[in-house]
Amino acid sequence: QYIAPERLDSRAEDARADIYSLACVLYECLTGHPPFEEDTMARLVAAHLSTPPPRPSTTQPNVPPAVDEVIATGMAKDPDQRYATTVEFADAARDAITEPIQRPAANPTRIRETQPAPNVATDQPATVKAASPPPAKPAPLARPAPPTPARPGGISRRLLIAVIVGAVIFVVLPLAGIAVTVVGQHISSSPPTSSPTSKSQTVLPFTGLDHPYGVAVDAASTVYVTDNGNHRVVKLAAGSSSQEVLPFTGLSFPDGVAVDAAGNLYVADSGNKRVLKLAAGSSSQEVLPFTGLFEPDGVAVDAAGTLYITDHVGNPRVVKLAAGSSSQEVLPFTGLSFLGGVAVDTAGNLYVADSGNKRVLKLAAGSSSQEVLPFTGLSEPHGVAVDTAGTLYITDYDNKRVVKLAAGSSSQEVPFTGLSFPYGVAVDAAGTLYVTDYGYGQVLKLPTK
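Residue numbers for the sequence shown follow the numbering used here, beginning at 25 and rising by one.
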């Protein structure tokens, strides 16, 4: 339950692997369950290798939001993104739990639901799911029993957290045998505000999102988001402040989403190992004839209605299904590992986030030979989008950034700031970007022209 990603593959490991395990232990101390609960060993391994760290405050509202960032850093997939020592980890945990404590409301026996930190344009309420059978996909985890009201003279929740943190540190530190250096670190617990420029990023008014994953945008700038933890797909029309839940049924951890020129919507229903279509104006979904999928993730559709799906784990591959066909085709990518998103441009060139190999691949239309694109310093590429000019946008969630690579260029840019765990990305005809931030539970919009 606590094994670091580098211990599961061929990467070299050092003491930072123990930091990862320690962060997993701390997460379980705070929530009552391990960070990833899977029904098979293969899925548990996949979760540790590629699923972003869960936020303890999502399932345990009394955990300060700053602790989310401590867990996220301690459980970063890339060891270079973690704390260097256990003492640095302990310092960060201490800082996270020493926020000022608000005086309770007039009725001292009433416990208020703790909300995530307010963002730039909207307040996202915390959401809680009912317990469910063992999932086929890493899920926002079942909520423990609610805390009882504190009595006068009783231990406070923050003090309890401090005791847990101290206990974990003092148990693991002697066992790890790690040379330590004391380094103070302060972590922001809330989404930073954007500066008021003509191209500043804004937060779209979606509400109640629990781990937003995929995002798509149609010709009318209507935005579609897979709300992974709530097992639903939500839609926000351009200029609207009221979202709509789309009439998909029986979803289990939906991931990628795409929309075609006619307004038909396609969703990777990851937990059910299938891909669904919701025709424009319809209230009845259709299961598309893909076969043998293990965990469908990314979805893209071209102008002819041909669908492209990335199969994340098990048998990592990219499959293609022509419009009206019942026979899929496996595309000639090679050496794939833990696939993320996929995108297709107007010329039919295909782009895939090969997350396990920290790279982005291109398969030119009609070609059987893939090309590694010149992105640099990627840690966990996932979302992929391409605009009409051929400019690529990639979410690099462990590095908390989105990178942009113009067609024919080898110089990347980072257009967004202040992200937690960016996951999905989409771009509309006007060049406006949309990004799901898995860590902060929000969707961001940024004009680029």
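Glycine included, every Cβ here is placed at the ideal spot set by N, Cα and C. Remember, it's a predicted structure, so these values are computed and weren't measured experimentally.
Less than 8 angstroms divides the Cβ of ASP378 from the Cβ of SER361. The three-state reading of DSSP puts ARG256 in strand, counting E and B together. Counting only residues of its own chain and dropping the five nearest sequence neighbours on each side, THR315 has a CB closer than 7 angstroms to the CB of GLN352.
Less than 8 angstroms separates the beta-carbon of SER294 from that of PHE277. In the three-state scheme derived from DSSP, where H, G and I count as helix and E and B as strand, GLN394 is classed as coil. Here DSSP, grouped into helix, strand and coil, assigns GLY380 to helix.
Within the DSSP secondary-structure output, THR460 pairs in a beta bridge with VAL467. Each residue's CA atom was taken as its position, placing VAL342 and GLY372 some 15 angstroms apart.
Judged by beta-carbon spacing, LEU397 lies beyond the 8 angstroms limit of VAL410, meaning their Cβ atoms are not closer than that value.
Around the beta carbon of SER45, 16 or more other beta carbons lie within 10 angstroms, which makes this residue buried. Nearest C-alpha to GLU52 among ARG31, PRO77 and VAL227: PRO77.
For LEU302, there is no enclosing alpha helix (DSSP H); the residue is part of the beta strand (DSSP E) that begins and ends at 298-302. Counting along the chain, the unbroken alpha helix (DSSP H) around ASP92 starts and ends at 89-98. The three-state secondary structure of LEU73, taken from DSSP, is helix. A distance of 8 angstroms or more separates the beta carbons of GLY465 and HIS255. Note: THR415 is not bridge-paired with any residue in the DSSP secondary-structure output.
C-alpha of LEU54 to C-alpha of ARG79: approximately 10 angstroms in a straight line.
DSSP places TYR44 inside the alpha helix (DSSP H), whose first and last residues are 40-55. Distance from the CA atom of ASP38 to the CA atom of ARG298, rounded to whole angstroms, is 39 angstroms. VAL257 places its beta carbon 8 angstroms or farther from that of VAL283. Contact check between the segment 438-450 and the segment 422-429: three or more CB pairs, one atom from each, fall below 8 angstroms, which counts as touching.
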